[in-house]
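S.K.: I am attaching a structure below and will ask some questions about it afterwards.
Protein chains in written order, with my numbering: chain A, 372 to 697; chain B, 22 to 565.
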């Protein structure tokens, strides 16, 4: 922000001054490069990665406003303005896609995000070192299992004649439920399996944050007669708050990206009603029907929402606490 | 601090600008010479040789993939290399179904094309004419006429097939896969457990009412004799209802587009479709339908059939009847799957349609791309398959190895029919020939005569062919580029909605009173326009 203001101010100044500044600037850059060449070298792979894989492809975003045909290329395809966006807003599934995307994200945020914090808090209270380590290892192990395998396990366990139904039938005498075929179950399964897979992994970062809390705070609290719960609420939680807020902001930035690859593996026409999201729609339209322009427009729309949310979340975080991304 | 940031930012920006410029330039270079699609036919046919080598993109059939990593090690192509001296570099996409669609679309979009591509070119997005116009593939009329005497001869002798392989613009775009006989075009229909019928003293059902009687008996009278009520009377898949008219054709319609006296109609908005749904929904309520019908895959189907639970389903002669009879031969000697006629509403009537592929459907057609340097050589190479020698090679393989001539009849050897490694016949055939799944050649009926070894399979082709009228099927029409863009944009959302709703109607989650609303929604989504587009294409086809 400050940089931009500086830019504006630079332009307001008389020309000669500006030229001199540019001259100085160039000299400064060269000097800086010479002085820190090793550091620049070290950072270059990262910068190159971002340029090649994150910024470079943005050049292709223009096809969202064009009628793209591979034969004509990016630059040769004719402009059509906002046609694809209008087509999407008017399409039959627009509201369903939007609602599904937002709800799935929202539930993930509501249930999966706190799960990691809660597990970390619980582990933090555990005294037995071996027990703690074992629990940690077991809970973060599933994170390394491929999604395809996870969804395969889901299908097997939740089949009409799978383990889960066997147990339900045996214990409660219920009718078997075809979990993977019922739209009402999709969100529960999606978020539930996400928690199962990732809760251990996401707790690691919070545990790390907890280990940074000054032990003297706990001692002081104990002197004042605070019990385990009081210590947790008044020391541990506030201590990890900055980490929580930053992670939350970052998650909100990804709000509209809800793990489409997992949905693609999990859904079928019987669950489209709750499972079909913008990302899967983009895949079907773009890759399978090769409507590249249309799906680029839909994807861009999604990215714009995510960006707006990120800015808002950061603004709120800045207001209510002192933690922020920028 | 500010200064430092500014520096870093400006470095970043200049790098981005350079990169974008570079990207822009390289893209301009890549934009292809689309004008070159008018092929060079100046060489005389005698001058043209077989190519030294070329690249050939084609999906590898799962039954071939079991024994061979690439088509290079398949008998027909090894022999072909000896004859023509051409080295073919095969490129096989991985996976199956939509994964192949995905890889095809990305390949075309990337403009990195091999010399020849085998795909369903009739069904590519925006159609084959557009692919030619865009410079993805080249128009073949002149090349075929001049350098492909064998295919030309076949098409001249079969003008109705020439109609099928030519677009409305008069373009020929690919070397087609042609089914040489009616008996090769029927391979799917209702299949029923004959032994269950016999256990319960029932006749094969031929009308919808008879089916209901049989299915109810399957459900209640324990035909598999294990004392448990675990029978699933019927598995009816949505795709089979939709694309082959399974059971619904008894009502005189098919759910998709069909024609009546040259007029295109869409079956699912007709009142007959409601009657059908009402009937099927009542079957579902009574437990006569497999509740997994909405999301079934081949593994699940295998388990249900070989587990002795499923009483009837809609399936193939080869990978249905043949496969399961083979698998069950030892496990359960009584197990018999028999074909049942396509059901009709009243005794003595015929179903409006059954599964019947046209002689040319578009699958496995090979187009030559604009990156091919000597298309005339490729044409000559591809044309070989339509010659007498090539015909035998593609259908029966290598004489002495995969077939012997017995009294002028090419009989498959033991290697194929009773493979020493224990391979099923489909897979043994896959090691040598392309006849079981298709390719750019004319399929021979003598292949299917030997492939369908069981009497039930032979009967199936006959029975399924005879019990359906098949007049309402629309021939393989082509849409123009604009039409298919509009058509696809209507149908893709419509089909998503359609699948969901029909499944809900059948499962009773959506009451059938809402059928009128369903029709109104389809109309709102533009089904009438889609019918118009199909009509226009059909009119053009009929006047070819």
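In this text, a Cβ means the ideal position worked out from N, Cα and C, and glycines have one as well. Note that the coordinates shown come from a computational prediction; the quantities given were computed from them, not determined experimentally.
Since residue 149 of chain B is in the alpha helix (DSSP H), which residue starts that stretch and which ends it?
M.R.: 148-154
S.K.: Any Cβ of chain A within less than 8 Å of the Cβ of residue 146 of chain B?
M.R.: yes
S.K.: Count the CB pairs spanning the segment 424-443 of chain B and the segment 166-174 of chain B that are closer than 8 Å, and state whether there are at least three.
M.R.: no
S.K.: Give the straight-line distance between the Cα atoms of residue 144 of chain B and residue 383 of chain B, rounded to the nearest whole angstrom.
M.R.: 7 Å
S.K.: Identify the contact partners of residue 644 of chain A in chain B, using a Cβ-Cβ distance below 7 Å as the criterion.
M.R.: 521
S.K.: In its own chain, which residues sit with a C-beta less than 6 Å from the C-beta of residue 57 of chain B, not counting the 5 before and 5 after it?
M.R.: Annotation note: pLDDT 44 at residue 57 of chain B (below 50); position unreliable, no value reported.
S.K.: Taking the C-alpha atoms as reference points, what is the distance between residue 55 of chain B and residue 448 of chain A?
M.R.: Because the pLDDT of residue 55 of chain B is 39, which lies under 50, any placement of that residue in the model is unreliable, and the question is left without a value.
S.K.: What residues in its chain sit with their C-beta under 6 Å from that of residue 491 of chain B, if we drop five residues either side in the sequence?
M.R.: 374, 377
S.K.: Short of 8 Å Cβ to Cβ, which residues in the segment 650-661 of chain A face chain B?
M.R.: 655, 656, 658, 659, 660, 661
S.K.: Spell out the partners DSSP gives residue 372 of chain B in its beta bridges.
M.R.: B:489
S.K.: Strictly below 8 Å CB to CB, what residues from chain B border residue 641 of chain A?
M.R.: 315, 316, 521, 524
S.K.: Starting from residue 187 of chain B, follow its DSSP beta bridges and name the residues at the other end.
M.R.: B:193
S.K.: Just mark residue 360 of chain B as buried or exposed, buried being the case when its beta carbon has 16 or more other beta carbons within 10 Å.
M.R.: buried
S.K.: Quick one: grab the DSSP three-state call for residue 347 of chain B.
M.R.: helix
S.K.: Can you name, in chain order, every residue of its own chain whose Cβ lies under 7 Å from the Cβ of residue 503 of chain A, other than the five neighbours on each side?
M.R.: 494, 497
S.K.: Short check: CB of residue 457 of chain B to CB of residue 84 of chain B, under 8 Å?
M.R.: At the C-beta level, residue 457 of chain B and residue 84 of chain B come within 8 Å of one another.
S.K.: Which bits of chain A does residue 446 of chain B rub up against, with CB to CB less than 9 Å?
M.R.: For the C-beta of residue 446 of chain B, not a single chain A residue is nearer than 9 Å; the gap to the nearest is close to 31 Å.
S.K.: For the beta strand (DSSP E) holding residue 112 of chain B, just list the boundary residues, first then last.
M.R.: 108-112
S.K.: Could you confirm whether any beta carbon from chain B is found closer than 8 Å to the beta carbon of residue 462 of chain A?
M.R.: Judged by the 8 Å Cβ criterion, residue 462 of chain A is in contact with chain B.
S.K.: What residues in its chain sit with their C-beta under 6 Å from that of residue 289 of chain B, if we drop five residues either side in the sequence?
M.R.: 276
S.K.: Under 7 Å between beta-carbons, which chain B residues line up against residue 440 of chain A? List them in chain order, please.
M.R.: 155
S.K.: Report the rounded CA-to-CA distance for residue 203 of chain B versus residue 209 of chain B, giving the unit in angstroms.
M.R.: 13 Å
S.K.: Give me the chain B residues within the contact set of residue 552 of chain A, using Cβ-Cβ distance strictly less than 9 Å, ordered along the chain.
M.R.: Among the residues of chain B, those whose CB is under 9 Å from the CB of residue 552 of chain A are 312, 313, 315, 316, following chain order.
S.K.: Quick check on DSSP: helix, strand or coil for residue 690 of chain A?
M.R.: helix
S.K.: Pull up the DSSP beta-bridge partners for residue 128 of chain B, would you.
M.R.: Looking at the DSSP assignment, residue 128 of chain B forms no beta bridge with any residue, so it has no partner.
S.K.: Distance check for residue 485 of chain B and residue 305 of chain B, CA to CA, integer angstroms please.
M.R.: 25 Å
S.K.: Verify whether the separation of the beta carbon atoms of residue 631 of chain A and residue 657 of chain A is less than 8 Å.
M.R.: no
S.K.: Which residue's Cα is closest to the Cα of residue 618 of chain A: A:600, A:688, A:591, A:606?
M.R.: Here the closest residue by C-alpha is A:688.
S.K.: What are the residues in the segment 112-143 of chain B lying within 8 Å of chain A by C-beta distance?
M.R.: 119, 122, 123, 126, 127, 129, 130, 131, 132
S.K.: Roughly how many whole angstroms lie between the Cα atoms of residue 213 of chain B and residue 353 of chain B?
M.R.: Rounded to the nearest whole angstrom, the CA to CA distance from residue 213 of chain B to residue 353 of chain B is 16 Å.
S.K.: Got a sec: is the Cβ-Cβ distance from residue 663 of chain A to anything in chain B below 8 Å?
M.R.: yes
S.K.: Could you check the C-alpha separation between residue 625 of chain A and residue 677 of chain A for me, to the nearest Å?
M.R.: Between residue 625 of chain A and residue 677 of chain A, the C-alpha separation is close to 6 Å.
S.K.: Got a sec: is the Cβ-Cβ distance from residue 668 of chain A to anything in chain B below 8 Å?
M.R.: No, residue 668 of chain A lies away from the interface with chain B (no Cβ there is under 8 Å from its Cβ).
S.K.: Which residues in chain B have a C-beta closer than 8 Å to the C-beta of residue 549 of chain A? List them in chain order.
M.R.: Per Cβ cutoff of 8 Å: 312, 313.
S.K.: Could you list which residues in chain A have their beta carbon closer than 8 Å to that of residue 247 of chain B, in chain order?
M.R.: The contacting residues do not exist; residue 247 of chain B stays about 16 Å from chain A at best.
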